[in-house]
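Q: Chains A and B, in that order, are what the protein sequence lines are.
Note that the first sequence covers residues 1 to 398 in our numbering.
Note that the second sequence covers residues 1001 to 1398 in our numbering.
2 protein chains.
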Amino acid sequence: MSITGDQSFLKQINRMALVRVIQQAPALSRADLAKETGLTKSTVSLLVQELIDEGWFVERKAQVTGALGRRPTPLYIDSQRLALIGADLGVESISVVAVSLTGNVLDAVTEPLPSPDQAVVIHRLAKLIAACAERLKHAGRTLLGIGLGVPGPVNEQAGTLKYAPNLGWSKVQIVARLGSALKAAGVSSPRIFMQNEADVAALGEFEFGERPIPEPLVYLSLGVGVGAGIVANDRLFSGVDGSAGDFGHSILQVDGPECYCGRRGCAETFIGLRAIGTQIAAWGEKALSTAALAELAARGDARMREVLTHAGRYLGVLAHNIWTAFKPGRIVFGGPACELGPYFFDTAAACMQRYAESSGLPAPELKQAHYGSLAVAVGAAALVLHKLIRPLELKACA
Amino acid sequence: MSITGDQSFLKQINRMALVRVIQQAPALSRADLAKETGLTKSTVSLLVQELIDEGWFVERKAQVTGALGRRPTPLYIDSQRLALIGADLGVESISVVAVSLTGNVLDAVTEPLPSPDQAVVIHRLAKLIAACAERLKHAGRTLLGIGLGVPGPVNEQAGTLKYAPNLGWSKVQIVARLGSALKAAGVSSPRIFMQNEADVAALGEFEFGERPIPEPLVYLSLGVGVGAGIVANDRLFSGVDGSAGDFGHSILQVDGPECYCGRRGCAETFIGLRAIGTQIAAWGEKALSTAALAELAARGDARMREVLTHAGRYLGVLAHNIWTAFKPGRIVFGGPACELGPYFFDTAAACMQRYAESSGLPAPELKQAHYGSLAVAVGAAALVLHKLIRPLELKACA
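Here it is, written out as structure tokens:
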């Protein structure tokens, strides 16, 4: 409903269409872009020059091919001049990263959550972001915007975190408050975008992951809780209330183990870190890190192998159910449970593979998060890029 | 990538934007439309007049309110002058319907599948469609296009049915062949659109269902097989291979009953009509219609009540899992199992409700298919409308 014939807006749509084409198919020339987009060659030349001037595109030397005539100049996304900042407001820690348009991590800082107090956390985040922005400035980079990943569903339009049970927060006007804090810290008001942690991590994989990026793409965040970010039809899939992909509470066994949510047989009761920890605690084992669990299994601890294999099998069933529901081309496993190692993941992959073979259909790619523990922070930076290069949606949301 | 500055295309986008606004909010005036779309009042007036002339819009008398000045004229989608044809190529029967832009069924014919032979079926479909088109013509209606729902995943661009196991068909160029047959039958080549049966049924609910239409919307087709059509972000959600929503083979019980697909514990082994029929056959009962099963349960047959309640409970679990995955605002139950009655459906709804209460979140609306056994045929007609009023996507697919 927002195509108004406004010329500058149409121009921005066309500019960003060019960015998206080059992002997906680097090394195309201006002539290729004209063919790809249906824009005239002169319009493409004009827009490409602007994008080069502003730091979006860079030209590289054409490869000498032996063919006659002037070689078309290949265009690439410029990784050198612009930057995006992403912040991960986690339950236990906060991270701030700067990344290039191509997903190179330029700067990263992680520290423990300073306090459960909202004001303290927002103030600290603003400080870290301001320092990061300052370093970018010294490096001669232009900041395009700031993204934030939070541990709960959000109201994107209002810039509020609806609730974050693990922080004990609800209805927090984070975007406005962070904006004020950044202004106070001397960061001239750039755009701020916010989304749920699994959603931004999914966008991180979608914008910066291994190409070609298949769709739908599901990022499954495995930790104490189990949730997912889903990208489909080029957009985040978030459901009626922003909480689609709540796979931790899909039921894998009717009348199964009791879940803290009141239901029984939820996926989290089989594969959540708390559930795994409870099993181990029942042996009288002290609390161990995920890496330590994997280490024990690797060293031959039979009980640990059994626990991780059992959990891994249910992860395979969950991944299979995600597959039947969304038919993703790729499922990415992320989150702290990624350290549980092969008894967990290889079991899941083998289970998924068996199901796929039964059905005669190719299984989706299974991958581990490209940015590891920085997945949410980098994803938050990707959110900024994702929004900027889709101006139609930006306008629709305004 | 398809916004080219082409003026006639932009005009068509704007025209169809107006149609979609009036579809969602009937009785708006030209001034309201201008406000809603950002178009100028003079552009709106021009486009509205065209849409009235062509049969999309109708003006009705403004209600006298007592306020001074000229009253703005409310606009409505015209149900009288245009028509859409939808065809359901089912495993056991074929149906052809004509519907108005507002979803009124103007004409409907259903007959048994004439043969498993492709040529025979396509020829018969063309005959039925041609006869329907002829009747529309006599009634003075203009046909906008023809939609087709088929029992298997499709390649929409190529107009092919990939495979339909229950027909024993694979890689059938249905759209091209139906187009030729229609031409031979004297139907001047209108657009033909094709999609999977559950997908078109979902679009039927999305375009013609009870307003407001929440998103995502899931149409769960319950029969021998269990599949779904999903509408999200205003589009059909179909996954990497067109077969998203294959919920019949999501696993509800690890190591559960064997499924014909080779997996175990698939949803179909609990709620598919074949699975229910097998249980009943085990009592030595002869094959009964779904309506007869419901009748027996209603008359007090304890075993039948137990069978239907057990299946209904698993339907509730499946609906819950669909809810956690997609967070739909509405789940519609359709297909022949709809005749199984309250022991099946009320149990499912109660199960779903209990889960929602446990989680503290509102459950999605549960509804039965608005068009009953014509859901797929009417949905196929809705597919035509859905495509026509989204020209951006039409062009992107061309």
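Quick reminder that beta carbons are idealized off the backbone N, C-alpha and C, glycines included.
Fair warning: this is a prediction, and the values are worked out from it, not measured in the lab.
Considering only the beta carbon of each residue, do Leu161/A and Gly152/A sit closer than 7 angstroms?
A: yes
Q: Would you tell me roughly how many angstroms separate the C-alpha atoms of Val376/A and Phe193/A, rounded to the nearest one?
A: 13 angstroms
Q: Taking all protein chains shown into account, do 16 or more other C-beta atoms lie within 10 angstroms of the C-beta of Lys1387/B, making it buried, or fewer, making it exposed?
A: buried
Q: Taking Pro1112/B as part of the beta strand (DSSP E), name the residues at either end of that continuous run.
A: 1105–1112
Q: If you measure beta-carbon to beta-carbon, which residues of the region 302–333 of chain A are closer than 8 angstroms to chain B?
A: Arg313, Tyr314, Val317, His320, Asn321, Ile322, Thr324, Ala325, Phe326, Lys327, Pro328, Gly329
Q: Should Pro1072/B be flagged as near chain A, meaning a C-beta pair shorter than 7 angstroms?
A: no
Q: Should Gln157/A be labelled buried (16 or more other beta-carbon atoms within 10 Å of its own) or exposed?
A: Flag for Gln157/A reads exposed.
Q: According to the neighbour-count rule (16 or more other Cβ atoms, all chains shown, within 10 Å of its Cβ), is Pro216/A buried or exposed?
A: buried
Q: Can you give me, in chain order, the residues of the region 1208–1223 of chain B that have a beta carbon less than 7 angstroms from any beta carbon in chain A?
A: Across the region 1208–1223 of chain B, CB contacts with chain A closer than 7 angstroms involve Pro1214, Glu1215, Pro1216, in sequence order along the chain.
Q: Could you tell me whether the Cβ of Arg15/A comes closer than 7 angstroms to any Cβ of chain B?
A: no
Q: Does the count of Cβ pairs from the region 83–100 of chain A and the region 127–139 of chain A closer than 8 angstroms reach three?
A: yes
Q: Quick check on DSSP: helix, strand or coil for Leu136/A?
A: helix
Q: For the region 357–373 of chain A against the region 249–257 of chain A, do three or more pairs of beta-carbon atoms, one drawn from each stretch, fall closer than 8 angstroms, so that the two count as touching?
A: no
Q: Can the beta-carbon of Leu293/A be found less than 7 angstroms from the beta-carbon of Gly223/A?
A: no
Q: Taking a cut of 8 angstroms between CB atoms, which residues from the region 1250–1281 of chain B lie near chain A?
A: Ser1250, Ile1251, Leu1252, Gln1253, Val1254, Cys1261, Gly1262, Arg1263
Q: Could you check whether the region 238–249 of chain A touches the region 274–294 of chain A, counting it as contact only if at least three pairs of C-beta atoms, one from each stretch, sit closer than 8 angstroms?
A: no
Q: Which runs of the beta strand (DSSP E), 3 residues or longer, sit entirely within the region 176–203 of chain A?
A: 192–196
Q: At 4 residues or longer, what runs of the alpha helix (DSSP H) sit wholly inside the region 1329–1353 of chain B?
A: Contiguous alpha helix (DSSP H) elements confined to the region 1329–1353 of chain B do not occur, taking only those with 4 or more residues.
Q: Compare the beta carbon distance of Pro1114/B and Ser1093/B with 7 angstroms and say whether it is the shorter of the two.
A: Between Pro1114/B and Ser1093/B, the CB-CB gap reaches or exceeds 7 angstroms.
Q: Establish whether the CB of Ala1098/B and some CB of chain A are separated by less than 7 angstroms.
A: no
Q: Quick test of your reading: Ala349/A and Leu318/A, contact by CB under 8 angstroms. State the CB separation rounded to the nearest angstrom.
A: The Cβ separation is near 12 angstroms, so there is no contact.
Q: By a C-beta neighbour count over all protein chains shown, 10 Å radius and 16 as the cutoff for buried, is Tyr1260/B buried or exposed?
A: Counting other Cβ atoms within 10 Å of its Cβ, Tyr1260/B stays below 16 and is therefore classed as exposed.
Q: Does Ile1003/B come out as helix, strand or coil in the three-state DSSP assignment?
A: At Ile1003/B, the pLDDT of 44 sits below 50, so the modelled position is not reliable and the matter cannot be decided from this model.
Q: Does the distance from the CB of Val1240/B to the CB of Gly329/A come in under 7 angstroms?
A: yes
Q: Would a C-beta distance cut-off of 7 angstroms place Tyr219/A and Val332/A closer than the cut-off?
A: yes
Q: List, in chain order, every chain A residue whose beta-carbon is nearer than 8 angstroms to that of Val1240/B.
A: Pro214, Glu215, Pro216, Lys327, Pro328, Gly329, Pro364
Q: With DSSP run on the structure shown, which of helix, strand or coil describes Phe1237/B?
A: coil
Q: Going by DSSP, what residues sit across from Glu59/A in a beta bridge?
A: Leu75/A
Q: Under the assumption that Tyr1343/B contacts Gly1312/B (Cβ atoms under 8 angstroms), give the Cβ distance between them as a whole number of angstroms.
A: 6 angstroms
Q: Output, in chain order, the set of chain A residues within a Cβ distance shorter than 7 angstroms of Tyr1355/B.
A: Arg263
Q: To the nearest angstrom, report how far apart Leu1101/B and Pro1391/B are at their CA atoms.
A: Across the structure, Leu1101/B and Pro1391/B are spaced so that their CA atoms are roughly 17 angstroms apart.
Q: Tell me the rounded alpha-carbon separation between Pro1364/B and Gln49/A.
A: Near 50 angstroms, if we compare the C-alpha coordinates of Gln49/A and Pro1364/B.
Q: When you compare the CB of Met1001/B with every CB in chain A, is at least one pair closer than 7 angstroms?
A: Confidence is the limiting factor: at Met1001/B the pLDDT is only 35, short of 50, which leaves the residue's position unreliable, though a coordinate-based value still follows. Residue contact check for Met1001/B against chain A: a CB pair falls below 7 angstroms.
Q: Helix or strand or just coil, what does DSSP make of Ala380/A?
A: helix
Q: Between which two residues does the beta strand (DSSP E) carrying Tyr1163/B extend?
A: 1160–1164
Q: Hey, Ala1399/B and Thr1290/B are a contact pair by Cβ (cut 8 angstroms); roughly how many whole angstroms apart?
A: No answer is possible for residue 1399/B: the residues shown for chain B start at 1001 and end at 1398.
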